[in-house]
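Trainee: The structure follows.
Residue numbers (the UniProt record's numbering): 1 to 139.
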């Protein structure tokens, strides 16, 4: 089972996909958002190419477990995906601090600020997806 992980932002969507066994997440790309039709088209191409069975969308929550503006936008995007990809299971996954963890990893790897901006969302999507995979493996 191949699973896609998404880190959805206002300007970009970080994309990761698992291996065929659903054990390891791999960063694929960062989609620069233009409009919803463009976003759906880009995701559709990856879904078909990678034969994705499930989509995990990072759900940003506040530290007190409430859902703020960014979280509501992710849920709205997920609802749109459910309509376009009705044959796929779509789930939300708590993504608190994944972007912070991705930033920290890139800083430790001494990646320049310019290059960090290019890959941060893809890495965040990879962390979201790997967290989901690990939790499902251990449950």
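Glycine residues also receive a C-beta, built at the ideal position from the N, C-alpha and C atoms.
All figures in this text were calculated on a predicted structure; none of them were measured in a lab.
Leaving out five residues on either side along the sequence, give the residues of the same chain with a beta carbon under 7 Å from the beta carbon of residue 31.
Mentor: So the list reads 12, 13, 15, 39, 42, once near-sequence residues are dropped.
Trainee: Would you report the Cα separation of residue 67 and residue 131, rounded to the nearest angstrom?
Mentor: Cα to Cα, residue 67 sits roughly 19 Å from residue 131.
Trainee: Go to residue 18, then tell me how far its beta strand (DSSP E) extends in each direction, as first and last residue.
Mentor: Looking at the DSSP string, the run of the beta strand (DSSP E) that includes residue 18 is 12-18.
Trainee: Distance, Cα to Cα, residue 24 vs residue 10?
Mentor: In a straight line, the C-alpha of residue 24 is about 27 Å away from that of residue 10.
Trainee: Starting from residue 30, follow the beta strand (DSSP E) in both directions and report where the run begins and ends.
Mentor: Counting along the chain, the beta strand (DSSP E) containing residue 30 begins and ends at 25-32.
Trainee: Does DSSP put residue 95 in a helix, a strand or coil?
Mentor: The answer is coil: DSSP assigns residue 95 none of H, G, I, E or B.
Trainee: Between which two residues does the alpha helix (DSSP H) containing residue 58 stretch?
Mentor: Unbroken run through residue 58 is the beta strand (DSSP E), 54-59; no alpha helix (DSSP H).
Trainee: Just the C-alpha distance for residue 59 and residue 108, rounded to the nearest angstrom, thanks.
Mentor: So the alpha carbons of these two residues sit roughly 25 Å apart.
Trainee: Measuring only the C-alpha atoms, how far is residue 52 from residue 83?
Mentor: Residue 52 and residue 83: Cα-Cα distance of roughly 16 Å.
Trainee: When the distance is taken between beta carbons, is residue 57 closer than 9 Å to residue 88?
Mentor: It is not a contact, given that the beta carbons lie outside the stated cut-off.
Trainee: Can you name, in chain order, every residue of its own chain whose Cβ lies under 6 Å from the Cβ of residue 96, other than the five neighbours on each side?
Mentor: The answer, listed in chain order, is 61.
Trainee: With 9 Å as the threshold, decide whether the Cβ of residue 134 is near any Cβ in chain B.
Mentor: The question asks about chain B, but that chain is absent: this structure has only one protein chain.
Trainee: Taking residue 135 and residue 123 to be in contact with their CB atoms under 8 Å, please state how far apart those CB atoms are, rounded to whole angstroms.
Mentor: The pair is not a contact, with the Cβ atoms about 19 Å apart (cut-off 8 Å).
Trainee: Who pairs with residue 4 in a beta bridge, going by DSSP?
Mentor: In DSSP, residue 4 forms a bridge with 17, 55.
Trainee: Go to residue 46, then tell me how far its alpha helix (DSSP H) extends in each direction, as first and last residue.
Mentor: First-last of the alpha helix (DSSP H) with residue 46: 36-50.
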